[in-house]
Each structure stands twice: as structure tokens, then as C-alpha cells.
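Remarks on the structure that follows.
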Amino acid sequence: MAAELGHVTVVFAGQSESWAKWIDHQIRAAGRGTTLIRWNPLRRPPSAEAFAELLSAPGRVLLVIDDWYERLGAERFDAWAEALRQVLPAYQDRIAAVSITARPMPEAVIALAPVELRGLRPEIARSRVLECAGIPAPGTLIDLRRGPRFPDDPPDVWQVPRRNRRFIGRTELLEKVYGAFSAAGPDGAAVALLGPGGFGKTQLALEYVHRFAGEYDIVWWVSASQRVTARQQFADLAPALELRDAGDLATTITAVRRVLDRTQRPWLLVLDGAGDPERLVDLLPEGRGHVLITTTRSEWGAHAENIAVPVFERGESVAFVSRRTQRLSDTQAARLAEAVEDMPLLLDQTAAWLDINPTVPVDDYIRDIRDGRPDRFGVMPSGQYPESFEVAWAKLVNTLREGSESAWQLLNLLVCFSHDVVPVRLLQTARHGDLPAELAELITEPSSWNTALRRLSEITSMRIEYEPGPRMDTQTVGTLRMHRLFHRFVRSIQSPADAERYAAAARKVLVSADPRDSSSAGNWARYAALIPHLEPSRALESADDDARELVLNCIEYLRMRGEYHDGWWLSRTAVKHWQSSSGDTDRSVLVAAHQLANMLRRLGRYEDAKTVGQETLGRLERADDVRPIEIIRAKDGLGGTLMALGRYGEARALFEEAATAAAAELGGEHVPRTLAVRSNLAVALGLQGHYAESLALHRKVFEARLDILGGRDALTLNSALHTAWMLRLLGSYREALAIQGHNCRVHSQVLDRTHSQTLLAEHNLALCARRVGDLQFAHAMLRGVREKLIRRRGPLHPETLMVSCDYAMMLRDLERTEEARDLAEATATHYAAQLGERHPYAIGARDNVATIMRDLGEHRVALDLSRQAARQMRRAVGKDHPWAIGCAKNEIAALAAVGETDEAAELGREAAGRSARVLGDAHVLTISLRAGLALDLAELGRLEESETLHRDAVTRLTSLLGADHPHTRHILERHRPYWDFEPQPI
Numbered sequence: 002m003a004a005e006l007g008h009v010t011v012v013f014a015g016q017s018e019s020w021a022k023w024i025d026h027q028i029r030a031a032g033r034g035t036t037l038i039r040w041n042p043l044r045r046p047p048s049a050e051a052f053a054e055l056l057s058a059p060g061r062v063l064l065v066i067d068d069w070y071e072r073l074g075a076e077r078f079d080a081w082a083e084a085l086r087q088v089l090p091a092y093q094d095r096i097a098a099v100s101i102t103a104r105p106m107p108e109a110v111i112a113l114a115p116v117e118l119r120g121l122r123p124e125i126a127r128s129r130v131l132e133c134a135g136i137p138a139p140g141t142l143i144d145l146r147r148g149p150r151f152p153d154d155p156p157d158v159w160q161v162p163r164r165n166r167r168f169i170g171r172t173e174l175l176e177k178v179y180g181a182f183s184a185a186g187p188d189g190a191a192v193a194l195l196g197p198g199g200f201g202k203t204q205l206a207l208e209y210v211h212r213f214a215g216e217y218d219i220v221w222w223v224s225a226s227q228r229v230t231a232r233q234q235f236a237d238l239a240p241a242l243e244l245r246d247a248g249d250l251a252t253t254i255t256a257v258r259r260v261l262d263r264t265q266r267p268w269l270l271v272l273d274g275a276g277d278p279e280r281l282v283d284l285l286p287e288g289r290g291h292v293l294i295t296t297t298r299s300e301w302g303a304h305a306e307n308i309a310v311p312v313f314e315r316g317e318s319v320a321f322v323s324r325r326t327q328r329l330s331d332t333q334a335a336r337l338a339e340a341v342e343d344m345p346l347l348l349d350q351t352a353a354w355l356d357i358n359p360t361v362p363v364d365d366y367i368r369d370i371r372d373g374r375p376d377r378f379g380v381m382p383s384g385q386y387p388e389s390f391e392v393a394w395a396k397l398v399n400t401l402r403e404g405s406e407s408a409w410q411l412l413n414l415l416v417c418f419s420h421d422v423v424p425v426r427l428l429q430t431a432r433h434g435d436l437p438a439e440l441a442e443l444i445t446e447p448s449s450w451n452t453a454l455r456r457l458s459e460i461t462s463m464r465i466e467y468e469p470g471p472r473m474d475t476q477t478v479g480t481l482r483m484h485r486l487f488h489r490f491v492r493s494i495q496s497p498a499d500a501e502r503y504a505a506a507a508r509k510v511l512v513s514a515d516p517r518d519s520s521s522a523g524n525w526a527r528y529a530a531l532i533p534h535l536e537p538s539r540a541l542e543s544a545d546d547d548a549r550e551l552v553l554n555c556i557e558y559l560r561m562r563g564e565y566h567d568g569w570w571l572s573r574t575a576v577k578h579w580q581s582s583s584g585d586t587d588r589s590v591l592v593a594a595h596q597l598a599n600m601l602r603r604l605g606r607y608e609d610a611k612t613v614g615q616e617t618l619g620r621l622e623r624a625d626d627v628r629p630i631e632i633i634r635a636k637d638g639l640g641g642t643l644m645a646l647g648r649y650g651e652a653r654a655l656f657e658e659a660a661t662a663a664a665a666e667l668g669g670e671h672v673p674r675t676l677a678v679r680s681n682l683a684v685a686l687g688l689q690g691h692y693a694e695s696l697a698l699h700r701k702v703f704e705a706r707l708d709i710l711g712g713r714d715a716l717t718l719n720s721a722l723h724t725a726w727m728l729r730l731l732g733s734y735r736e737a738l739a740i741q742g743h744n745c746r747v748h749s750q751v752l753d754r755t756h757s758q759t760l761l762a763e764h765n766l767a768l769c770a771r772r773v774g775d776l777q778f779a780h781a782m783l784r785g786v787r788e789k790l791i792r793r794r795g796p797l798h799p800e801t802l803m804v805s806c807d808y809a810m811m812l813r814d815l816e817r818t819e820e821a822r823d824l825a826e827a828t829a830t831h832y833a834a835q836l837g838e839r840h841p842y843a844i845g846a847r848d849n850v851a852t853i854m855r856d857l858g859e860h861r862v863a864l865d866l867s868r869q870a871a872r873q874m875r876r877a878v879g880k881d882h883p884w885a886i887g888c889a890k891n892e893i894a895a896l897a898a899v900g901e902t903d904e905a906a907e908l909g910r911e912a913a914g915r916s917a918r919v920l921g922d923a924h925v926l927t928i929s930l931r932a933g934l935a936l937d938l939a940e941l942g943r944l945e946e947s948e949t950l951h952r953d954a955v956t957r958l959t960s961l962l963g964a965d966h967p968h969t970r971h972i973l974e975r976h977r978p979y980w981d982f983e984p985q986p987i
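Written out as C-alpha cells, the structure is:
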């Protein structure tokens, strides 16, 4: 009996889970046993016996009172209140209650004398809980930071829409979600709420978040119906995690994921309205937290546990309708639920309609919904929805037309924006002249504006969020969300004239909000917010110059942020629409086409990019009155694509033409646009193997950019990077290392450690370190760069493949030969698949495989592969290209390995001569070829010439690299020299 008296049973409704767990923890911390009972009066008929069964729990019973009673409806509440009055006298001494609601309590609840907990400090609330539970105050202080967080204290990081106070039912589904997350333990889990639109998935997720918020330190809600919005909102979590925006959106997303993957703090991420999982899967962390997804797509089952969300059960429908409006009896509520098939969205909208039309007989309305046809109410059946749904919506919009014209006009404007987040603040700050005349006064007058929005929210079930007004003494509507089904319905019934008039106004609002500077990081959040509205406002179809400029600025924002897939879609759509209305040589069409080719190239779709570039240039060259800058831009863009395809001579010719034209037309060689073309020309020269010419031009561009832009500009840093790259290829390893070391440090300060250009700088630093013999540093740096690129771009992206090619040969240096072979073969295979078997990068990567095979003793197979690579490389780039000479060097080593020494010596002499002519006697490639020739001559018995060549090679290498350099020692000890192919950045 003593144990029973010390026990406390805590009874709570499901929505008070966080409070119940906190109360339970305080009682157990005071040394008493507890039992938690979740009790749902909607699931059982009202009776004194049900209360008696509940109150028969052992020990003291502590009731947690929230506003759940509001959801019961008048009839059910009165029945439960009567049952409570019957049993309360018998259990008065064992019952206590605490209140966690700020709403007025009915008499039946006041009789329990509940103690208020909300609005108190945690220590005061704890004292009240213990007093209610009949537990003396402890003599020692307890650290309240341990255990569950006090429910009135929000999570440390919190971005979630406000709670829906009308939410009702769904208890089993909420418990199922909670159970799925709990079962995962410390490993983390993802759950997808799956069901058709209008079934209440978002509201279910929102209730889960608020109900269980106390269990998380980080809670972040992402509107995921549009990829660009989802990625930006996910990246917006970075500052809250004390991360800075990396500039490149993918890099910021990776950084946020990494923190969530590693943190010990419990977190919850919600992806609301998620579409194709393949477009959002990079937003799924893998840490110990929870991901909750709402979606209509069953494919999410590959990434999460799918939980089907059905329509309401009939009892839930009746309770919901009864709470939404007081006009219906339970029988009428059930008939309405049957008419709209228990669909939560329609129940909300129809109940709201009845509430604001008190003179309409309920039975007549239900009959219209159940038996009517949409055309009776001015709407033609679309076949997209059940007719009962269209009748309900038709009556709703007719009510707006007839009884609240301003709200109806406003709705017509709002559906010209994205349904996901209607840009309320942009409308409020819009210029009078940009708005339809009938709405200008409404929108700019705060009280009328808020009244109209509330009216729409009440009738249409739009979700509105409030925020402080301009004077901070009022609340104004901050955001508004419309269900996509209703959004689509309203757009479908607009007349063509209204649709165009309101869409034109929406476009003017968006144009006025354009910061007109997509390169500034301070404007990126604005562009991310504007992009979802381009399609519904018909900006992508518009012939208006300002609207097109907005679209182009959004495309450039996507390029700046590294969002190439979305940039490809947007630029392709713009080109398609604008070409048909404005022709091929319109300025906006040309800029969009240039960006389209740019996005395709960044995505590795080089042939597609070439087609776009060639078609654009061809049209320009055939047209009259074309501005010179357009042809310059077209040649420059096509040149970049041809470089990626290995057509270096054609690319160089285009760059030379563009650079000459730019200098003549744009104001000289040192204007930024000309410098950009000349920088591309320098890259093409390097890809052709003209390293000295490339270095000289890179240096000139670097010096000019240093004068014009300063030393910390990204373009200046890029020129310094390429200067160091060419120095390394020319064998000036220590000078290259000194420049690149400084360049790397400044990159990480200016562009962040995970920006694409910073990773390229670190890549070159690793290669410089490798060439001076610091293999451990080089390995660590190159491995880190590769890991970052795989996380950010995936293993098959061109940037990742370039690093993987070099990393494979680094593993070979470290004698991790099997790993090196696997990675080299995979890289060669991927290059061939992406670029073709005859591309120089595919050929060079296969030659690396041959080198590793020779190390493994597969000499005959290695020889065949080396011969093939050398032959193909000569055809691809010419026999005097350093890559062709390098492949010849490896062919010589393969010949020597199988005993074909005569042929090896003959080919070695010829290759050494070519290398001396192309790169000079002092270049490492020439020196090592002669060292290899010395080995073959010694094998043939020509010892005097062999020794002379060997001594000369050692002397030159000692002077160039130092006596202790691994390469010098390698030659001194008469090991066979080798060459490995390194792809160059494009």
C-alpha cells in the first residue's frame, strides 16, 4: 500500500506529450514511481464507468489539462462533464490537475482546481508539479537542464509554421510516426507521410512537430515542393548552426548535412510537399536525427519508411466539422463527411462556407454537394476531381464573387504566384502602379489588407503566419500558403482576360522586387524567393524586357550558386518561349541560350552544349545588325565547350577571334570581358601543350586583374592558380608550390574552404607538394579534396573524375597498388562513358591503368594497353604534345619490361628528342626519358653512352629538384622512370 501511495499516474491527451514527459521526469527525479497514460475521449463513449476505470490507476492521479476539451463538440463535452461530476466526489482526495492552456476553462474543469504551469520559470513549475503530486519539496537543488527540456522553452533552433489549433484526431498516425522514430534508436530515421493531396499530410506533420518539439534541440521546416526553394531553405539552417554561407549553395548544403550527421544534439527536419526524391535526396542527413517527409510520391519508400495517410475516419470527420462550425448536428456532420468523402481539405472548406453563410439551410447545402453538378454553379466539370469537390469549390468562389468582391479579386492575383509561399510582403511593398487598380488601395491599407487575407483564409483554408508590423505594435500577415489543389482549381476557372491581367500585375511586382545584382550574396535569398513565382506569373512566356531581365538574373543566380540542374531547366524553358515570340537573335534569347550551354557544360553534357553553342553562333553570323558582344559571347561559350570535348585547336581559334574582337570593340585588352576571353585562350594553349605560351598569357591576365580587381578578387585568384599550374607543368615545382600555397590560403579566406575554385586550388597545391616530394601532405590534401567533391558533386562529376585520376596515381606512389588500380580503372571507364573512348582524358586515364598493371607484373597486357594509348594520344593531340610524349615514355617502359630492349631504345631516343624540342633539355620529362634511354643502352651493352646519359640526368635532376628528392634518388638508383597523365581543369 505504501508503494501504491507513492506512485503517481500522469494522464494526458496526445497533444501534451512534451509536458507529460517533463512532468513524469520531475516526479521520478524526486524518487517516486510513475505511469504515463495517454487518454483520448474521442475514442470511447462518454460514461462514468470510463472515468472510474481511468481513476482506478494506482496511487495519486495527476491530470494534465490542455485545450483538448474544445475538440469534443458541445454534445460530447456535456456528456463527459456530466460523467466527471458523477465520479469526482469518490476520488476527490486522489486527483490533482495541472493546466497548460491559456484558454478559459469550463466549469466542469474548474472543479478540478487545476494549477497553472504555463508562463512560469522551470523551477517554479517543478515545485507546483511536486506539490500537486503530494511530494514534499526536496532538500537539495536538482539541475533542471538534465532530462527533457521545459516545454515552454522552445528548441535552440526552431523554424516551423504555427500550430493549427483546429487539428483533431489522427492519434494512431501520430503514434505510428513516433513509434517509427523511437524504434530507430540512436541511428536516426526517416518517415514519409504518403497520400493524395488534400488528405492532411502537412497538418499531420505540423502537429507532430509541435507535439514532440520537446524531444529535439533543432527543428527545421522546409517547403519542398520546389527544389530551388527547398535547397535554399535547407541552406538557411547554416547560420543557426554557426556555419557561414559558402557562396556555392551545394557547398553550404553539404556543410549543414555534415553538422547534422555528426552532432549529438537531437534534430528533426521536415520536408513538406516533397516531389521526386532524386531531386531532393541530397537534403537527407544521415545522422542520429529524424526526417519527416510529406509527399504524394511512393518512391520515397527507398529513402524512408512510408506511412500511408488516409482520409479522416468518420468519427474524426464529425468531430472536426463540429469544431469548425457550431451549425451542424452530428448527423449532419456525418452526411457532409460522406458527401466530400471524408477529405480533410474539403471538410475544412465546406464547414467554413456553412459558418459564414448562416442563412443557407445545412441540408440543402449538403444535397447540392452530394448530388449537384459543377455547371449549375458556373464551373465546367474538368474531370480532374470528383464532381462533389468541384461543386464545393464552385459554391465557395461564388460566395467570394458575390459577397466579398475585393477578396475574390485578391484571390485572382494570389493564384498568379506559387501556392507554396505567396509573397505577401512583396505585395505590401509593391508600387501602386504595379497593382490592379481595384486592389491598390486594399493592399496598401493594413487593416483592409489583413481583413481580406483573413477572409480568404477562413473560406479557403489558406494558412497564414503573422509577424510584427512596421511599427512593431501590430501584427500583420507575413506568409500565406494555399493548397495546390485549390490553387490549380482557381487558375482553371479564370477567364483568359483575368488570367493575363492578374499575371501581368504579378510580373510587375516580381520585377520591382528584383535586386538586379545576382552576384551579391546579400541578394541570394531574394532570388531564391522569386524563382518559384516565375512560372505561375508567366514570366517565362513574357515578351516584356523587364520580366525577361528578371528571369536572366535568376538564371545567373543559379549559376553563381552552383545550381546547374535548375539553371538548365530555367534557361531551356526561357529559350523555348522567347525564341518563338522574339526570334533567334533577340538579346534575351541569346543570353538565355548562352546560359543554357553553360549549364549543360557544367552538368557534363558537352555534346548538348556544343549543339546549342554552334546553333547560336550560326544564327548570329547569318543575321544582320547583331551587336559585337553577342558574337564574342557566343564564340567564347562555344570555345569552352569544345575544350571540354578535347577539340583544343578549334577552341583556341574561337578564343583568338573572340579576344581580338573584344579588344577592338570593348575598349582594349585590359577590360574585364576581354581578360575573361584571354584567360580562356591561355587555358586552351595549355591544353594544346604550349605550356610556356600559356604561362606567359596567364601571367599577363593575372597582372591586369591584380591592377583592376585587386589581389583578393575571385578572378584574380583564378589567374594566380592557373599561373602556378603552368609553372608546375613546366617543371618549376618549388616556385609553383610557393605561389599555390599563398593562393590556397587566400582562396579559403575569400571563397570558403569548400567552394569549387578553392577545391581546385587545393588540388593544385597537392600536386605541387607531390612533385617536390612531400607525399604525405599531398596525399592528405588530395584525399580531402576528393571526399569533398564526392559529397558535393558525386563521384561521376567532371571535377571529381579529374581529382580521382590524380589520386589513383598518388595511391600508386604510396604502394597501395591494388587500390590505385581499382580507382584508375573506374576513372578511365567513366571518362570513356562521358567523353568517348577517343577523348584525350579517356586515353590518358587508360595509360595510367597500364602503368599500374606493369607494377603488378602484368607486362604483356600492360604493353598492349600502353601501345594503344600512345597511338590514340598521337592521333588525338599530335605527336609533339607533352601527353603524347608521356604516353610514349610509358610505352618504352612496357617494351623494356617484356625484353623488347632494341625497340625501347629506338623509341626512347626519338621521344627524348621530341621532348627536348618541345619542352627543352632541362624539363623533367626530357631528363627522365634520357635516364630511361640510359637503362636500355646499358642493357644493350652500350655502356659508355649509357653512363654519359645517366650522369647528365642525375646532374640535371639534382640541380632542379635537389639530391634528396625522391625522383632524383629514383634515377640515381637506376629505376625505370614513368609518366602519369594529369587532366587539366577547364
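Under our numbering, residue 987 is the last one in the sequence shown; the count climbs by one each step, no gaps. For each residue, glycine too, the CB sits at the ideal point set by N, CA and C.
Check your understanding: Going by the beta-carbon positions, is the gap between L486 and G274 smaller than 8 Å?
Key -> no
Point to revise | Exposure of S183, with buried meaning 16 or more beta-carbon neighbours within 10 Å | key: exposed
Check your understanding: If you drop the 5 nearest sequence neighbours on each side, which residues of the same chain put their C-beta closer than 6 Å to that of N307?
Key -> A193 and L195
Check your understanding: How big is the Cα-Cα spacing for H971 and P978?
Key -> 8 Å
**Study point:** Delimiting residues of the beta strand (DSSP E) encompassing F13
**Key:** V9 to F13
Check your understanding: Is it the case that the Cβ atoms of D567 and V292 are separated by a distance below 8 Å?
Key -> no
Practice item. Identify whether G316 lies in helix, strand or coil by the three-state DSSP scheme. Key: helix
Check your understanding: Considering only residues of the same chain and omitting the five flanking positions on each side of A598, which have a CB-CB separation below 7 Å?
Key -> A610, V613, G614, G638 and T642
Review point. Start and end of the alpha helix (DSSP H) containing D708?
Key: Y692 to L710
Review point. Taking just the CA atoms, how far does E763 sit from M782?
Key: 7 Å
Review point. Which one of N524, A522, S582 and A530 has the shortest CA to CA distance from R549?
Key: S582
Point to revise | N- and C-terminal bounds of the alpha helix (DSSP H) containing L551 | key: D546 to M561
Check your understanding: By DSSP, does A31 sit in helix, in strand, or in coil?
Key -> coil
Check your understanding: Any idea what DSSP makes of A239, helix, strand or coil?
Key -> coil
Check your understanding: Would I460 pass as a contact of L401 if the rule is Cβ separation under 8 Å?
Key -> yes
Review point. Taking just the CA atoms, how far does R847 sit from V804?
Key: 15 Å
Check your understanding: Between the beta-carbon of A251 and the beta-carbon of P278, is there less than 8 Å?
Key -> no
Review point. Who are the near neighbours of I632 in its chain, counting only those whose CB is closer than 6 Å to its CB and skipping five residues on each side?
Key: L621
Point to revise | Assigned secondary structure, G568 (DSSP; H/G/I helix, E/B strand, else coil) | key: helix
Exercise for review: Measure from the alpha carbon of G148 to the alpha carbon of each residue in A895, A134, P267 and R771, then state which is nearest.
Suggested key: P267
Review point. Going straight from the alpha carbon of I136 to that of A31, what length do you get?
Key: 8 Å
Check your understanding: Of the residues P359, E403, H860 and L559, which one's Cα is nearest the Cα of Q233?
Key -> L559
Check your understanding: Helix, strand or coil: which one does DSSP assign to I96?
Key -> strand
Point to revise | Straight-line Cα distance separating R482 from S680 | key: 47 Å
Review point. What whole-angstrom Cβ distance do I740 and L728 have, given they're in contact under 8 Å?
Key: 7 Å
Check your understanding: From D364 to Q333, what does the alpha carbon distance come to, in whole angstroms?
Key -> 7 Å
Check your understanding: Going by alpha carbons, who is nearest to T949 out of L936, L761 and I28?
Key -> L936
Point to revise | Which of helix, strand or coil DSSP assigns to A190 | key: strand
Point to revise | Between the CA atoms of Y528 and S521 - distance to the nearest angstrom | key: 11 Å
**Study point:** Other residues of its chain near D262: CB distance less than 6 Å, five sequence neighbours each side excluded
**Key:** P286, E287 and G288
Point to revise | Whole-number beta carbon distance between F656 and A685, since they are thought to touch under 8 Å | key: 5 Å
Check your understanding: Between the C-alpha atoms of M473 and A231, what's the straight-line distance to the nearest angstrom?
Key -> Reliability of the predicted coordinates at M473 is poor, the pLDDT of 49 falling under 50, and no value is obtained from them.
Check your understanding: What are the boundary residues of the alpha helix (DSSP H) that L973 is part of?
Key -> P967 to L973
Check your understanding: Does the count of Cβ pairs from the segment 330-347 and the segment 387-397 closer than 8 Å reach three?
Key -> yes
**Study point:** Alpha-carbon spacing of L926 relative to V592, whole angstroms
**Key:** 44 Å
Point to revise | From P799, G795 and N765, residue whose alpha carbon lies closest to that of A645 | key: P799
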